[in-house]
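**Q** Got a structure for you, questions after.
Protein chains in written order, with the working numbering: chain A, 3 to 456; chain B, 3 to 456.
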């Protein structure tokens, strides 16, 4: 009994999915039960990487969604609209949906999930995060017995490629970005990648699954790598760290009053406080995520009782993403073979929400910090700064003075010094107060860089 | 509607499972639907890490299996019997089974799977390989669209702990083993770990799932670390490699005639040839598995089109293993909520076999090799050996001469030399011929070590 598949989009990922479906030999035999019935494309005349019966192609995507021969709708067109409307239309028609569209899910996930639950269909999104890495499925199903403490990941391949090259070559951000654009690793408009928005979309999705509650995407503090100085990458390396753009979601043992009032989910005892954020982060070289280079992605999940488990692999690309899309199609196809009553859902696969979550006020969260200060080059300045941090109640792990050269864009020139401080864990509000007190000192010229440290 | 759980065994893992079931808060809400109904223990009077209602405890395990209030039987007693019989009894009673027992599954997996398929129940085994790492589920479900090329893993924590310390400290195998036994990382009888049998059990299971066919466990060539010389670990390190006990299963593009005739599955065009083996292996330092230290496990799956994905985490321990057991219980519980007709199975979750596999004749497989030769210390010996390999048709990547000291147990003393050769990939039969020709040379005293290299 063949299962009809409809594809919305035949770009890189869509062609990858079609290639798998049209060559089932050697794959799970269920792939052979999947029949591609209709494909929406913008230009039917365009040459494609995959050979398809031209009669399958249509330009009106609603013809795919509405086709009674299509049982599962696969949305790989990208963008917010018409993707969102087509997904909702498929759900309304009682069809399960597979999508690789992280932007739609991060923004309209609640609306889509509610519609799917009401209609008794699945919306599966393995391809939306981590490319070919199985991470959605393990979070939903394999780790369900755990209390998740933290999910942290390198989930944007473009920035990891840039950071890897900055670290290896000591190159400046702008140079490597231009090169990455030439090589096709970065978009002509790289904003979503380098400013952290793409990673924020993805951590919103992962956190929602790990903690069972919806995450307010717009409230996630997001800092990209676009203002990162090569000098800080180099100093981090000298100190035994690697700089990575990390997306983090961690459980915050909050009293109700610390949840942000800006959040629509008013904080109560029954609301789980979460610290969710995206920022460049110093990782100790022995950290499992520190060895993830180039365009690879990796997600580290920490929970009780499992401890630390990590998922690693190619974060993008036609093949890996298509592998994830087909995984979702197979999951739905496998469940269909059970012959369960229409509308009945497996609660793990459906990933229904079961808890309220709220982002906590960032000033109450606790982190280690890396700070680079430009100072006068005077005897005793390192001692004065160390003392000032101590007076402000911030405990320091290391403090190192470098001779400031004129080479860096924040070098300051003129014989100043650079002091790099790595703190122990401290509440953000206290750290900010300390930093204000320190920059008020006459020998401190400016805070040239401030990064988080794991 | 609560789902009744029966536990066979309340040792480390069993207590870990009971601890999760008795503290559902903060875990997936489905955990709250699981009710522990009966637990088989050897000694009901023994003090336990977990507080259970003493009326749940019984000493006769058939009372657990036969209890009509028990819907899912969890076998965490270990050993071959009575575990196998109890699993079959549960299946016959129409109950799904969750087991962490790799030995039973590696040996009786086919019998158990056939019984489960006939009765329409699941036998799930996430905890049998890789402890808390979700690897069984991803192989069965998330990677089903791929043609798997290779599965390779560090899947025995004891040996990885020993090898990590040998590499870090330059210590001898025997010393580290004794220390590991003192610390509880190795059993009093370490044979199953250090001789590779445990890893062979596990790769038989992984290969069966990755390739969809049954693997003849007894036919897997298995070499442990118990004869590994600290000297080879040190030389490998100098040459940029790390020595790991690797379990590997890879697709072999065989002509029918190369499949071993010893295999019960006679080789035909429709039989997939596999090269499955366990042995100490030199990994280049940049290989994803090279950074896996201590008791951690990691499994690398390579397939088309996904590329390389890796799963990393704690390979043993009460918490991680219990996390995997509960994952399986939740999967069965989730499916039950669908209200499907009794006996209907999800083909992905059930992991029914769909292909015939046969191990290929080891002499036809291709590998890179590391060889350490003890030779006379004569001018030109390195050149003679290099030439001899070349004459025998074995291409060499590197050849290095070391001064043999008397320190190593194979040192030979008396001013001999050690020559370490790393070959390019070569068919095993040709490599063996070359080695025979080389040891016949008068300046070659003996082959002190021979290891595989990735």
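Cβ atoms here follow ideal geometry from the backbone N, Cα and C, with glycine treated the same way.
#1: What residue ranges within the segment 161-234 of chain A form continuous alpha helix (DSSP H) runs of no fewer than 4 residues, ordered along the chain?
#2: Which whole-angstrom value is the C-beta distance of residue 328 of chain A and residue 22 of chain A, which I expect to be below 8 angstroms?
#3: Please classify residue 124 of chain A: does DSSP put it in a helix, a strand, or coil?
#4: Take the Cβ of residue 286 of chain A as the centre, count every other Cβ of all protein chains shown within 10 Å, and call the residue buried at 16 or more, exposed below.
#5: Starting from the beta carbon of residue 28 of chain B, find every residue of chain A whose beta carbon is closer than 7 angstroms, and list them in chain order.
#6: Could you check the C-alpha separation between residue 389 of chain A and residue 317 of chain A for me, to the nearest Å?
#7: Which residues, in chain order, does the segment 182-204 of chain B contribute to contact with chain A at a C-beta distance below 7 angstroms?
#8: Give the single residue among B:109, B:117, B:350 whose Cα lies nearest to the Cα of residue 99 of chain B.
#9: Between which two residues does the alpha helix (DSSP H) containing residue 22 of chain B stretch?
#10: When the Cα atoms are used, what is the spatial distance from residue 447 of chain B to residue 145 of chain B?
#11: Check the Cβ-Cβ distances between residue 158 of chain B and every residue of chain A, and say whether any is below 9 angstroms.
#12: Which class does residue 364 of chain A belong to by DSSP, given the choice of helix, strand or coil?
#13: Hey, out of B:341, B:114, B:96, whose CA is closest to residue 104 of chain B's CA?
#14: Considering only residues of the same chain and omitting the five flanking positions on each side of residue 211 of chain B, which have a CB-CB separation below 8 angstroms?
#15: Give a yes or no on contact between the segment 4-17 of chain A and the segment 73-83 of chain A, applying the rule of three or more CB pairs nearer than 8 angstroms.
#16: Residues of chain A with CB closer than 7 angstroms to the CB of residue 348 of chain B, please, in chain order.
#17: So does the segment 298-313 of chain B actually touch the segment 274-283 of chain B, counting three or more Cβ pairs closer than 8 angstroms?
#18: Which word fits residue 162 of chain A, buried or exposed, when buried means at least 16 other C-beta atoms lie within 10 angstroms of its C-beta?
#19: Of all the CB atoms in chain B, is at least one closer than 9 angstroms to the CB of residue 4 of chain A?
#20: Pair every Cβ in the segment 149-162 of chain A with every Cβ in the segment 189-204 of chain A, then say whether three or more of these pairs are closer than 8 angstroms.
#21: Over the uninterrupted alpha helix (DSSP H) stretch that includes residue 86 of chain A, give me the two end residues.
#22: Against chain B, does residue 320 of chain A count as a neighbour if the rule is that its beta carbon must be under 9 angstroms from one of theirs?
#23: Using a Cβ-Cβ distance under 9 angstroms, would residue 162 of chain A count as near chain B?
#24: Measuring CB atoms only, is the segment 288-302 of chain A touching the segment 222-238 of chain A, in the sense that at least three cross pairs come out at less than 8 angstroms?
#25: Could you give the DSSP three-state label for residue 239 of chain A: helix, strand or coil?
#26: To the nearest angstrom, how far is the alpha carbon of residue 313 of chain B from that of residue 300 of chain B?
#27: Consult DSSP for residue 323 of chain B and reduce its assignment to one of helix, strand or coil.
#28: Who does residue 145 of chain A pair with in a DSSP beta bridge?
#29: Which first and last residues belong to the beta strand (DSSP E) in which residue 280 of chain A is found?
#30: How would you label residue 36 of chain B, buried or exposed, when you count the other beta carbons within 10 angstroms and need 16 or more for buried?
#31: Is any beta-carbon of chain A found at less than 9 angstroms from that of residue 254 of chain B?
#32: When you compare the CB positions of residue 449 of chain A and residue 426 of chain A, do they come within less than 9 angstroms of one another, or not?
#33: From what residue to what residue does the alpha helix (DSSP H) around residue 390 of chain B run?
#34: Give a yes or no on whether 9 angstroms exceeds the smallest Cβ distance from residue 421 of chain B to chain A.
#35: Are the beta-carbon atoms of residue 274 of chain A and residue 249 of chain A separated by less than 9 angstroms?
#36: Do the segment 353-363 of chain B and the segment 210-228 of chain B touch if we need at least three Cβ pairs shorter than 8 angstroms?
**A** With the structure as the only source:
#1: 175-185, 193-196, 199-213
#2: 5 angstroms
#3: coil
#4: exposed
#5: 149
#6: 44 angstroms
#7: none
#8: B:117
#9: 14-23
#10: 49 angstroms
#11: no
#12: helix
#13: B:114
#14: 138, 141, 142, 353
#15: yes
#16: 336, 337, 339, 340
#17: no
#18: buried
#19: no
#20: yes
#21: 85-94
#22: yes
#23: no
#24: no
#25: helix
#26: 5 angstroms
#27: helix
#28: BP columns for residue 145 of chain A are empty, so no partner.
#29: 273-286
#30: buried
#31: no
#32: no
#33: 383-393
#34: no
#35: no
#36: yes
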